[in-house]
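Below is one structure, written out as C-alpha cells; the observations come after it.
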Amino acid sequence: MAEVTLHATPHATPAAHAEGHQHPIKLYLVVWGWLFVLSTCSYLVDYFNLQGYLRWSLIVLFMMLKAGLIVAVFMHMAWERLALAYAILLPPLVLLVFVGIMVFESDYTLLSRIIFFKTGA
Amino acid sequence: MTETVLTNIEKRRTTTVGWQGIVADWSSDQRAFKNVSWGKAMMWIFLLSDTFIFGCFLLSYMTARMSTTVPWPNPSEVFALTIAGQHIPLILIAIMTFVLISSSGTMAMAVNFGYRHDRRKTAILMLVTAAFGATFVGMQAFEWTKLIMEGVRPWENPWGAEQFGSCFFMITGFHGTHVTIGVIFLIIIARKVWRGDFETGRRGFFTSRKGNYEIVEITGLYWHFVDLVWVFIFAFFYLW
Numbered sequence: 001m002a003e004v005t006l007h008a009t010p011h012a013t014p015a016a017h018a019e020g021h022q023h024p025i026k027l028y029l030v031v032w033g034w035l036f037v038l039s040t041c042s043y044l045v046d047y048f049n050l051q052g053y054l055r056w057s058l059i060v061l062f063m064m065l066k067a068g069l070i071v072a073v074f075m076h077m078a079w080e081r082l083a084l085a086y087a088i089l090l091p092p093l094v095l096l097v098f099v100g101i102m103v104f105e106s107d108y109t110l111l112s113r114i115i116f117f118k119t120g121a
Numbered sequence: 122m123t124e125t126v127l128t129n130i131e132k133r134r135t136t137t138v139g140w141q142g143i144v145a146d147w148s149s150d151q152r153a154f155k156n157v158s159w160g161k162a163m164m165w166i167f168l169l170s171d172t173f174i175f176g177c178f179l180l181s182y183m184t185a186r187m188s189t190t191v192p193w194p195n196p197s198e199v200f201a202l203t204i205a206g207q208h209i210p211l212i213l214i215a216i217m218t219f220v221l222i223s224s225s226g227t228m229a230m231a232v233n234f235g236y237r238h239d240r241r242k243t244a245i246l247m248l249v250t251a252a253f254g255a256t257f258v259g260m261q262a263f264e265w266t267k268l269i270m271e272g273v274r275p276w277e278n279p280w281g282a283e284q285f286g287s288c289f290f291m292i293t294g295f296h297g298t299h300v301t302i303g304v305i306f307l308i309i310i311a312r313k314v315w316r317g318d319f320e321t322g323r324r325g326f327f328t329s330r331k332g333n334y335e336i337v338e339i340t341g342l343y344w345h346f347v348d349l350v351w352v353f354i355f356a357f358f359y360l361w
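Going down the list, the sequences are from chains A and B.
Numbering of the first sequence is given in the working numbering, commencing with residue 1 and proceeding in unit increments.
Numbering of the second sequence is given in the working numbering, commencing with residue 122 and proceeding in unit increments.
What follows is the structure, given as C-alpha cells:
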C-alpha cells in the first residue's frame, strides 16, 4: 500500500505538497466505523466469556487491526516515505525480545516461589 | 553546471522508492526524512520513546502477573457495573474505549480541515476532541474512585494478587495523564486556530510559519498515539 501511494508524492505539485494530505473525509469516517466494529468485537470476546487460545488470538488480532488502522490512516503513516516509516515502526519490535526475556524470568520466579514458599511454610 | 547535476541527484533520491529509497534517504546529505518537517519528525521520535515507556509498564505488569502464585483478580468482574438492575461486565471500559475512538475520529477530520484552511471547522472539531478526552478522564476518575472505595490499594485488594493495584494505578494513571496533557494542548491550539494566528503569523509559540496548519497534524499525532496506547491497555490489562 505504501509503495503505491509513495509514487504519487514526488509528482505532486509543490503547492499541494505544502498543503499536506488531502483525503476525502469519507476515508476517516470509514476507518472510524471499522474501529467501532473492531472494539465491539473485542468487547464481545469478553461478554461471551470465550476462553483459551481462541480468546487470546481474537484479542490480539483485533488489537493489531485497530493499531494498524490508527497508525496507517489516522496518523498518515501509509503516506509517509519508507525512511520515516521504518525508522519509527521497526524499533518497537525489539520489545518482543524483551517480552521473551521477561517470560523466562517470570517462569523462573514462579518456579522458585512454588518450590520455596509452599514447602518452606 | 554543478548545480544542475546536484539537483538531478537530489531529485533522483527523493523519487526512489522501496529499499533503495530508504538507503538513498538515509545516506543523503543533511536530512534523512525528506518531506517531513522537523516538528513532525520530532513528534514521531518522542512518540517512539513513549512507546518504550508504555511498553515497559505493560512488560512489568506481565512479569508481575506471570510470576505470582496468587490468582489474579478477574478484570471482567472487577470492572463490571450494575446498570438498571442489569449486571454488565466491563461496560465502563467499553464505553471509555468508544469515547476515545470517537475523539480520534474527530481529530483526524480536524487535521484534514486544517490543511483546507477551514478555521472554524478545525477549531470546533478540535474542541469536540478535547471534550471527548475530558469525558474519558472523568470516567477514569469515576473508575478510580469506585475501586478505591472497594478497597483497592497499590499494595492490596479484596480479590487476589496484591500487584493488581499497583499495575492498575501505574498504567491507567500514566495514560490518563497523557490524555489530560493532550486535552490542554488541544484547547491551546484550537484557540490559536480560531483566532487566526496561523493566517496572520501572529507572534507566539508554534505560530511562526505563516499559513501553515501542520501543528494541527502534530497535535493529532500525539492524540492518536494516546488512543493507540489505550488499544494495547484495553487488550492486555482489561481483556486478558
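A virtual CB, placed ideally from N, CA and C, is assigned to each residue, including glycine.
Note that the structure is a prediction, hence the values are computed from the model and not measured.
- With a 10 Å radius around the Cβ and a threshold of 16 neighbouring Cβ atoms, Gly-68/A comes out exposed.
- The continuous beta strand (DSSP E) containing Gln-207/B extends over residues 207 to 209.
- Distances from the CA of His-296/B to each of Pro-192/B, Phe-200/B, Ile-336/B and Phe-346/B were compared; the closest alpha carbon is that of Phe-346/B.
- A straight-line Cα-Cα distance of about 12 Å links Ile-174/B and Met-291/B.
- Neighbourhood of Pro-210/B in chain A, by CB distance below 7 Å: Asp-46 and Tyr-47, in chain order.
- For the C-beta of Ser-106/A, the chain B residues within less than 7 Å are, from N- to C-terminus, Thr-184, Met-187 and Ser-188.
- Ranking Ser-158/B, Pro-194/B and Leu-213/B by CA distance to the CA of Arg-81/A puts Ser-158/B first.
- When DSSP states are grouped into helix, strand and coil, Glu-277/B belongs to the strand group.
- Comparing alpha carbon positions, the residue from Asp-348/B, Tyr-359/B and Thr-301/B closest to Thr-172/B is Asp-348/B.
- Taking a Cβ-Cβ cut-off of 7 Å, the neighbours of Met-230/B in chain A comprise Ile-25 and Tyr-28, given in sequence order.
- Chain A has a Cβ within less than 8 Å of the Cβ of Ser-225/B.
- Proximity of chain A to His-345/B at the Cβ level (cut-off 7 Å) is accounted for by Ile-70, Phe-74 and Met-75, in chain order.
- Contact annotation for Val-37/A against chain B: no contact, minimum CB-CB distance about 11 Å [criterion: below 7 Å].
- In the DSSP assignment, Thr-301/B falls within the unbroken alpha helix (DSSP H) covering 284 to 316.
- Under a criterion of Cβ atoms nearer than 7 Å, the residues of chain A adjacent to Ser-197/B are, in order, Asp-46.
- Burial is judged here by how many other beta carbons sit within 10 angstroms of a residue's own beta carbon; Trp-140/B has fewer than 16 and is exposed.
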